[in-house]
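Under this note's numbering, the first residue of the sequence shown is numbered 776, with each subsequent residue one higher.
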Amino acid sequence: MKKLIDKLKKERHLEQSEWTDLIEHRTPELADYLFEQAREIRHAHYGHDIYIRGLIEFTNYCRNDCFYCGIQRSNTHICRYRLSEDTILDCCRSGYELGFRTFVLQGGEDAYYTDERMVHLIREIKSLFPDCALTLSIGEKSEDSYRKFYEAGADRYLLRHETFNHEHYSRLHPAELSAAERQNCLWNLKKIGYQVGTGFMVGSPWQTATNLAEDMLFIEKLQPHMVGIGPFIPHHDTIFAGETAGTLELTLFMLGLLRLMLPKVLLPATTALGTIHPHGRELGILAGANVVMPNLSPRDNRKQYALYDNKIATGEEAAEGKEKLVQQMEAIGYHVVTARGDSLMSADHLPK
Ligand code: SAM
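Printed below as a string of C-alpha cells:
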C-alpha cells in the first residue's frame, strides 16, 4: 500500500481500483506514512501558516430537506433565525479587528435572501473591507445568480458535492435534489471565475470505499481550489438519528490523500472534525490541512445553526476563541496568519 502512496505523491493520480484498495486496506502505520508525506508537501507550498476564515452562519432557514441535515426544512423542532445585514457587518467588523481577512457567509437556502439582498450585502462587505476575500456558501443557485454575486464582488464559493455517486446521493436527499445538478453548479461556478470549494461527508450512511474513490476522481477532474471534508454526524431530529458517525481516523486519512492529490489545495480542518474529537482540528492540520474556520456568528445563534448533534459552539467571544486557536496551533508548531489566504492553485484567480 505504501507504493500507492508513493505513486499518488509522484503522479497525483490513482485509478479507481487503487483508491478503493488504499482506503479499504489502510492501517495506522500507513496513515502515519501518509501524514508525513502530506505534511512535507503542505510545508513546501504553505509553510507552517494556518489561514483562518471568519465563518458567519447568517441564516438557518432552508428550503431543502437533505436527510442528514439538522436545519432541513421539515425540522420543526429548531428555532429559526436570520441575521440582519447590520448584524452581519458587525460580525465582519469584529472579525477584521481580530485579523480575519476572509469572511465566509454560510446559510440555508433562505428565500428572504433574494439575489438583490445578497448583491447588496456582498457590495457592502467588499466596500467596507476591500482587502478581504468573501466566500459564499449558500447552496444551489442558477448560473445567472452566481454571476451576479461574482460581479458584486464575491471571490469564492463553497458547495460540497456531498457524494459523487448518483445512487448514493439519492439515498441522502429527497427526489428534487440530484447529484447531477449539484455538480453542474460547481462547473458553473468554475466557469464564472470563482475560487471554488467542494467536498464530501466522510462516513455518511451507506458510503463505501468505492464511493470515496469516486469522490476523489471527481475532485481530480474538477481541480477545486478548496476541499472541505468532515465526518457525517447524526442529528437527533433526522431520519439518520440512529446512524453511526463517520470516524476521525478515516477523515484524517482522506485529508492526507487530498493533500497528496492536490498539493496546493486549501484544506480546512473542519468544525465537524473538532466536534468528534477534542483535538480533531489539530490532528487535521497534522494530516495536511492548512485552514481553520472559526465562528464569528453572534454567540446566541451558534447553537441554532445545528447541522448535527453536539456541534462545537462554545460561549466564547470571537476574540477569546481566536486567542485559543492561536495557542492550539502554536502548540503543534503552526502559526495563524493575517492574510486573505488565496489558493496557490492558479494565479489568475488572485485578487480581482
Ligand atoms: N446550504 C448550503 C449548501 O447546501 O451548501 C450551505 C449550508 S450546508 C448546511 C453546509 C454543509 O453542512 C453541507 O455541505 C454538509 O456537508 C454539511 N452537513 C450538513 N449536515 C451534516 C451532518 N449531519 N453531518 C456532517 N455534516 C453535515
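We put the beta carbon where it would ideally sit given N, CA and C, even for glycine. Being a predicted model, the structure only gives us computed values, none of them experimental.
(message) Spatial neighbours of Gly1006 within its chain, please: C-beta separation below 6 Å, excluding the five flanking residues on both sides.
(response) Taking the sequence shown and counting its residues from 1, the one referred to as residue 1006 is at position 231. Checking the displayed sequence, the identity of residue 1006 turns out to be Pro instead of Gly. Closer than 6 Å at Cβ, skipping near neighbours: Val977, Gly978, Ala1020, Gly1021, Thr1026, Ala1047 and Ile1051.
(request) Tell me whether Ala988 counts as near ligand 1, meaning its Cβ is closer than 8 Å to at least one heavy atom of that ligand. (result) Position 213 of the sequence shown, counted from the first residue, corresponds to residue 988. Every heavy atom of ligand 1 is 8 Å or more from the Cβ of Ala988, so no.
(request) Measure the Cβ-Cβ separation of Trp981 and Arg946 and say whether it is below 9 Å. (result) Counted from its first residue, the sequence shown places residue 981 at position 206. Counted from its first residue, the sequence shown places residue 946 at position 171. Their beta carbons are under 9 Å apart, which means Trp981 touches Arg946 by this criterion.
(request) Can you give me the start and stop residues for the alpha helix (DSSP H) that Met1036 sits inside? (result) As a position in the sequence shown, residue 1036 is number 261, starting the count at 1. Here the alpha helix (DSSP H) through Met1036 covers Leu1023 to Met1036.
(request) Give the DSSP bridge partners of Ser912, in chain order. (result) Stepping through the sequence shown from its first residue, residue 912 is reached at position 137. BP columns for Ser912 point to Gln881.
(message) Please classify Ala996 as buried or exposed, where buried requires at least 16 neighbouring CB atoms within 10 angstroms.
(response) Start at 1 with the first residue of the sequence shown, and residue 996 comes out as number 221. In the sequence on display, residue 996 carries Lys and not Ala. Exposed, because fewer than 16 other Cβ atoms sit within 10 Å of the Cβ of Lys996.
(message) On the CB-based measure, 16 or more other CB atoms within 10 Å of its CB, does Ala950 come out buried or exposed?
(response) Residue 950 sits at position 175 when you count from the first residue of the sequence shown. The residue in question, Ala950, is exposed, as its Cβ has fewer than 16 Cβ neighbours within 10 Å.
(message) Taking the beta carbon of Gly914 as the centre, do at least 16 other beta carbons fall within 10 Å, making it buried, or is it exposed?
(response) On the sequence shown, position 139 is the one that residue 914 refers to. Buried.
(request) Figure out for me which residue from Ala1064, Cys866 and His852 has the closest Cα to the Cα of Leu858. (result) Position 83 of the sequence shown holds residue 858. Per the Cα distances, Cys866.
(message) If you measure between the beta carbons of Met1120 and His1000, is that distance less than 9 Å?
(response) As a working note, residue 1120 is residue 345 in the sequence shown. As a working note, residue 1000 is residue 225 in the sequence shown. Cβ distance < 9 Å, so Met1120 and His1000 count as in contact.
(request) Can you tell me which of the three DSSP states Asp796 falls into? (result) Translated into the one-based positions of the sequence shown, residue 796 becomes position 21. Helix, per DSSP.
(message) From the DSSP secondary-structure annotation, give me the bridge partner or partners of Arg857.
(response) Taking the first residue of the sequence shown as position 1, residue 857 is located at position 82. Answer is Thr834, bridged to Arg857.
(request) For Ala908, count neighbouring Cβ atoms within 10 angstroms of its own Cβ and tell me buried if that reaches 16, exposed if not. (result) To locate residue 908, count along the sequence shown from 1; it is residue 133. So Ala908 counts as buried.
(request) Verify whether the separation of the beta carbon atoms of Ile827 and Gly882 is less than 9 Å. (result) As a first step, residue 827 is located in the sequence shown; it is residue number 52 there, counting from the start. As a first step, residue 882 is located in the sequence shown; it is residue number 107 there, counting from the start. Not in contact: Ile827 and Gly882 (Cβ atoms no closer than 9 Å).
(request) Please report the residue range of the beta strand (DSSP E) in which Thr728 lies. (result) Since the first residue shown for the chain is 776 and the last is 1127, residue 728 is missing from the structure and cannot be characterised.
(message) According to DSSP, simplified to helix, strand and coil, what is Pro1043?
(response) On the sequence shown, position 268 is the one that residue 1043 refers to. Here Pro1043 sits in strand by DSSP.
(message) Looking only at its chain, what residues have a beta carbon closer than 7 Å to the beta carbon of Ala813, apart from the 5 residues adjacent to it on each side?
(response) Sequence index remark: in the sequence shown, residue 813 carries index 38 (1-based). Gly1031, Arg1034, Leu1035, Ala1062 and Gly1063, listed in sequence order.
(request) Report the three-state DSSP secondary structure of His1110 (helix, strand or coil). (result) For the purposes of this step, residue 1110 is taken as residue 335 along the sequence shown, with counting starting at 1. His1110 falls in the strand class under three-state DSSP.
(request) Drop a sphere of 10 angstroms on the beta-carbon of Arg892, count the other beta-carbons inside from all chains shown, and report buried for 16 or more, exposed for fewer. (result) Position 117 of the sequence shown, counted from the first residue, corresponds to residue 892. Per the 10 Å Cβ criterion, exposed.
(message) Whole angstroms are fine: how far does the CA of His1110 sit from the CA of Glu926?
(response) By one-based count along the sequence shown, residue 926 stands at place 151. By one-based count along the sequence shown, residue 1110 stands at place 335. Roughly 33 Å between the two C-alpha positions.
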